[in-house]
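Heads up, the thing below is written out as structure tokens.
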Amino acid sequence: MSSKSVNGTLTPETTFNPHLYRKDFPVLSREVHGKPLVYLDNAASSQMPQQVIDSYAEYHGSYHSNVHRGVHALSQQATDEYEGAREYIRAYINASSTKEVIFTSGATDSINLVAQSYGRTNIKEGDEILITNMEHHANIVPWKMLCEETGAVLKVIPITDKGELDLEAFEELLSEKTAILGVVMVSNALGTINPVKEMIAKAHEKGAVVVVDGAQAMPHVRIDVQDLDVDFFAFSAHKVYGPTGCGVLYGKKSLLEEMPPYRGGGDMILSVSFDEVIYNQLPYKFEAGTPGISQVIGLARALKYVDEIGVEKIAAWEDELLSYATQEIKKIPQVKVIGEAENKASVLSFVIEGVHPHDIGTILDEDGIAIRTGHHCAQPVMERFCIPATSRASFAFYNTKEEVDALIASLKKVIEIFT
Amino acid sequence: MSSKSVNGTLTPETTFNPHLYRKDFPVLSREVHGKPLVYLDNAASSQMPQQVIDSYAEYHGSYHSNVHRGVHALSQQATDEYEGAREYIRAYINASSTKEVIFTSGATDSINLVAQSYGRTNIKEGDEILITNMEHHANIVPWKMLCEETGAVLKVIPITDKGELDLEAFEELLSEKTAILGVVMVSNALGTINPVKEMIAKAHEKGAVVVVDGAQAMPHVRIDVQDLDVDFFAFSAHKVYGPTGCGVLYGKKSLLEEMPPYRGGGDMILSVSFDEVIYNQLPYKFEAGTPGISQVIGLARALKYVDEIGVEKIAAWEDELLSYATQEIKKIPQVKVIGEAENKASVLSFVIEGVHPHDIGTILDEDGIAIRTGHHCAQPVMERFCIPATSRASFAFYNTKEEVDALIASLKKVIEIFT
Amino acid sequence: MNYERTKQLYQQLILDHNKNPRNFRIIDPADKEAVGNNPLCGDKLVVYVNVNEDQIVEDVSFIGEGCAISKASASMMTTFAKGKHIDEVNHIFQQFHDLTTGKLDPEKDEHDLGKLAVFAGVKDLPARVKCATLSWHTLHAAVNGKEQISTE
Amino acid sequence: MNYERTKQLYQQLILDHNKNPRNFRIIDPADKEAVGNNPLCGDKLVVYVNVNEDQIVEDVSFIGEGCAISKASASMMTTFAKGKHIDEVNHIFQQFHDLTTGKLDPEKDEHDLGKLAVFAGVKDLPARVKCATLSWHTLHAAVNGKEQISTE
Ligand SMILES: Cc1ncc(COP(=O)(O)O)c(C=O)c1O
Ligand SMILES: Cc1ncc(COP(=O)(O)O)c(C=O)c1O
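Chains as they are written, first to last, in the numbering used here: chain A, 1 to 419; chain B, 420 to 838; chain C, 839 to 990; chain D, 991 to 1142.
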């Protein structure tokens, strides 16, 4: 159970009022099968506040234009907002320069960029790529593909029965051969918050470059890439109240500068002739073609929304919801919680003896409760716990204790049907 | 001048009324520097009708959720709409199966997918990649990168003084060595409509695979990928009244099936263990991670908007605007039109003796007129015509003859200032 | 769709086939086998089948992990298919498919589904149609010599 | 911003430097040279510079293609820099930068820009600031031993 908040301090008795914010999210007032929607699938994708929805209408309704190459007023305004969003995001994650903030189509794209551009240039046969047993497929498959291409070897840090990384095994696996360490900051399948700062320091001692998958961390933890001293940090907008199809790769300038481009096209070049292509500076070298202008502006707006509430307050409330839900679900004897790390964020994975998660999902949906069931794109976690799938409730700051109660009540119905 | 419409028939005297549609585009009623906006930068990015803007608000306001993996109602609805959009787009371009419709982040991404996945597997030293002198950087740089990696040779089809492809040279350059032909359907710098259907047939005779860059063609030409018999066809949503950060790659199933994945991650796999990754079927094999759900839905909505007007009517009106603008601009002796192909679509590129396009753009902007100036990401075209840049007015169906008049009047002011 | 209907659907299936699936075993060696994947829920099942010269399904079985709907469906599929001619199996597969996607109404339309008609309720659970049809698709693949199928 | 202001800005510059750019030539060999790119408009210019032991710019010139603003700015930059100490050039570069980005108001703030103050109007044309400063950035790069710069 989560005794510590995601920011490491004890959870205070909070006076956070989610109803203050629920009204910003139009979808939260809808009904499903005649019942009020209880949206507990935030780890898959969070909902969007009206403020972000409006930023889209405003962009397309008043100043949409292609960026970077126009002298006219609309293009200038779109460019200013797009680059302004980059600066906002830079400050939000405390990158030292906007050159280090690259826009991608999502966390998956960000990690692939590193695997393709950094990986294919720097990794050679016999090198080791160290990841963990709790990675999302987005932080497994690109490395598997790279290993197949280069002859590098994939090594995996095991997880304990509680769902924490086995840090002793990590230290044993880490060696001078480790070229890349890939680690998820917050596990989407287990909720575990990994001690990435310490792991980065240890990896750096051995000369490894560290890629942190921050997709689940962004909505819960205040990220400071310089404090973490992380080399690459990836996240998606749609998991932090922003749009789909948009993500960020933070990378250290010194690394990015040496890397070849990822995709070729407009905007990523200084000049093109059939004999010679001169690539553009950072961050444009990695942003070929017309970027996701409205998405980037929407992401900055979403982060501003989060920042106005305060990510620490958000995390504290999510912790309180998680503690409460964990306590209540454990009262149901047939339920087994999967992932009981000391340090955990807003994800409650569980199985019910004799009932397949898919059936749980269907029956809960009849009550308007949206949870995710399946392998959560983390099959190795499922294998580790010898289960085909779990049911997962994941909380956002707009969730309430009443919604937790609805979840528990509906789970009791499931058990009633199945016994 | 354009004597034929883009669909090959003579331009009829049309009764098309752009004002019927202007009201759908909120941005068109804004002012710039106190003057009504005259938006003639449609080839860079088109504007978005309220219907598409609304589809975004509706999606995020009532059924946003991650797709494909959820059993709950929202996820099901989002999946249905997302896959419904794929089916809409399949029918729109007449692909034979939805397996052939892959969503990307834009035309640039689509072409890079082909270069990376098809190219790196099939192209070897000594193979030739044939492109044209009027390609956009998006259809040059990925091939340059591929040539550098594989030792293949880039060959270039020259263009005539009128701005048409030199088709005799094309036939001479085409040979059994030609592995890939990359050709733009409508040139963004010159407006030229290339005879891609005939070129595809000739290329196929030699066993080459053909990649058509359809970014500029989509808003003007009804695409039938089966009739064209094209192997790969790429386009962007934002050039056809849809959202930024979204594009399509059409590919023949037989080719796509043999190709390795492009990016690794969730959704593009059937199963993942650390020993083995089994990739998913088409089209998912090429769609790693959470896709641009709202963007794809928006693209389908935009195409529906176009289809409701009728792309043939749109093309006819744009032709009429282009003819009128061409006729009027030629009355200004200092102006030289760049690109005078017989078959041309809605792009008017020009230079004014002694005046740099950049200065023209600034002075026009003072009058609220948005045109693009520069190399239009087609530097080889500029080199071919020995100019550093052009000014480009590009028309959409919502433009009017009065707007053409405003353009002409403002150009006269430019000349007044500079002489 | 309502809670009572879901409850009913589940109870009818569960009382029997989910808890005690029929033909839940490996045939070794089998003439044909195929693996069916449902990436949506991470389910996987293997269908084994022996078909004789007269195109009659002599034996059929399955193993694997699955939700109640897919397990009950696989179980009922095996009891149905055993002893039938391949053509008849294909015919029923088509009807079953129409049933679960709402194209066939067992109350109104003629059909030969017998007990399989209990799966009619699945049509109101669009996310679960694939669970109900996975075993049938896999059987079909096995008989036609394919080794892997996926419902996505 | 209004048409009259743009017209004025253009006329003042064009009447002189755009049509008859000063020091529009190659210095061969030059102590230092650098290429400046403005990918926005596809412009490119080369700045050549000879600096003597006392850090005085002995000669400076440019060639290339550019819009009226960048050409006039480059021309005036060369006439200004010639004969000046590097420190002074850097000092004026800073002031010029502030002027074009609106941080320095030539009517109110103290400055040493002389005729260069005509570029104040550029601050209302944000897309053109890079045109006005390209030659200065390129000179700065040349003096500091860089070979390529880009304003984007
Ligand atoms: C002909 C052509 N091809 C490709 C592209 C690239 O499209 P995008 O920037 O949307 O990837 C463009 C647009 O800039 C274009 O005009
Ligand atoms: C931990 C983690 N990493 C990576 C991803 C991939 O993000 P996306 O699908 O937005 O690319 C996800 C989300 O599915 C995730 O939870």
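Think of the CB as a built atom: it goes at the ideal place given N, C-alpha and C, for glycine as much as any other residue.
- DSSP places residue 1054 of chain D within a strand segment (E or B) once states are collapsed to three.
- By the Cβ-count criterion, residue 986 of chain C is exposed, with fewer than 16 other Cβ atoms from all chains shown falling within 10 Å of its own Cβ.
- In the pairwise beta carbon analysis, the stretch 648-664 of chain B is classified as not touching the stretch 686-702 of chain B: fewer than three pairs are separated by under 8 Å.
- Neighbours of residue 988 of chain C across chain B, judged by C-beta separation under 8 Å: 689, 699 and 700.
- Residue 270 of chain A: not part of any alpha helix (DSSP H); member of the beta strand (DSSP E) spanning 269-272, first to last residue.
- Within 7 Å of the CB of residue 129 of chain A, no CB atom of chain B is found; the nearest one sits about 11 Å away.
- DSSP lists D:1046 as the bridge partner or partners of residue 1075 of chain D.
- Residue 684 of chain B is a Cβ neighbour of residue 708 of chain B, given a cutoff of 8 Å.
- Annotation: the continuous beta strand (DSSP E) that includes residue 372 of chain A extends over 372-374.
- Counting other Cβ atoms within 10 Å of its Cβ, residue 1015 of chain D stays below 16 and is therefore classed as exposed.
- In the DSSP assignment, residue 209 of chain A forms a beta bridge with A:180.
- No heavy atom of ligand 2 is found nearer than 7 Å to the CB of residue 494 of chain B.
- At a cut-off of 8 Å, the C-beta of residue 782 of chain B has a neighbouring C-beta in chain D.
- Relative to residue 1102 of chain D, the option among D:1124, D:1079, D:1091 and D:1114 whose CA is nearest is D:1079.
- Residue 836 of chain B reaches chain D at 996, 997, 1000, 1001 and 1004, counting residues in chain order whose Cβ is nearer than 9 Å.
- Taking a contact as a CB-CB distance under 8 Å, the pair residue 350 of chain A and residue 42 of chain A does not count as one, their CB atoms being some 16 Å apart.
- For residue 530 of chain B, the enclosing alpha helix (DSSP H) covers residues 526-532.
- Interface criterion met: the Cβ of residue 906 of chain C is under 8 Å from a Cβ in chain A.
- About 19 Å separates the Cβ atoms of residue 1062 of chain D and residue 1130 of chain D, ruling out a contact at the 8 Å cut-off.
- Shortest gap from the CB of residue 796 of chain B to any heavy atom of ligand 1: under 7 Å.
- Of all residues in the stretch 962-976 of chain C, only 963, 965, 966 and 969 come within less than 9 Å of chain A when Cβ atoms are compared, listed by chain position.
- Remark: the C-beta of residue 524 of chain B is outside contact range of ligand 2, defined as less than 7 Å to any heavy atom.
- Any Cβ of chain B closer than 8 Å to the Cβ of residue 856 of chain C would place that residue at the interface, and such an atom is absent.
- Taken from the Cβ of residue 632 of chain B, at least one heavy atom of ligand 1 lies inside 7 Å.
- Look at residue 136 of chain A: its C-beta is not under 8 Å from any C-beta on chain C.
- Counting only runs of at least 4 residues, the stretch 1063-1126 of chain D fully encloses the following alpha helix (DSSP H) elements, listed from N- to C-terminal order: 1076-1090.
- Residue 183 of chain A places its beta carbon less than 8 Å from that of residue 194 of chain A.
- Under the rule that a run must span 3 or more residues, the beta strand (DSSP E) segments found entirely inside the stretch 66-104 of chain A read 101-104.
- Counting every other CB atom within 10 Å of its CB across the protein chains shown gives residue 1010 of chain D a total below 16, marking it as exposed.
- Secondary structure remark: continuous alpha helix (DSSP H) runs of at least 4 residues inside the stretch 532-617 of chain B, in chain order: 560-569 and 586-592.
- The beta-carbon of residue 277 of chain A is placed no less than 8 Å from the nearest beta-carbon of chain D.
- Rounded to the nearest whole angstrom, the CA to CA distance from residue 485 of chain B to residue 177 of chain A is 38 Å.
- For residue 115 of chain A, same chain residues with a beta-carbon under 8 Å away, outside a window of 5 residues either side, are 142, 143, 145 and 146 in chain order.
- Counting C-beta pairs closer than 8 Å gives fewer than three between the stretch 782-793 of chain B and the stretch 735-750 of chain B, which falls short of the contact rule.
- Here DSSP, grouped into helix, strand and coil, assigns residue 659 of chain B to coil.
- In the structure shown, residue 986 of chain C falls within a strand segment according to DSSP collapsed to helix, strand and coil.
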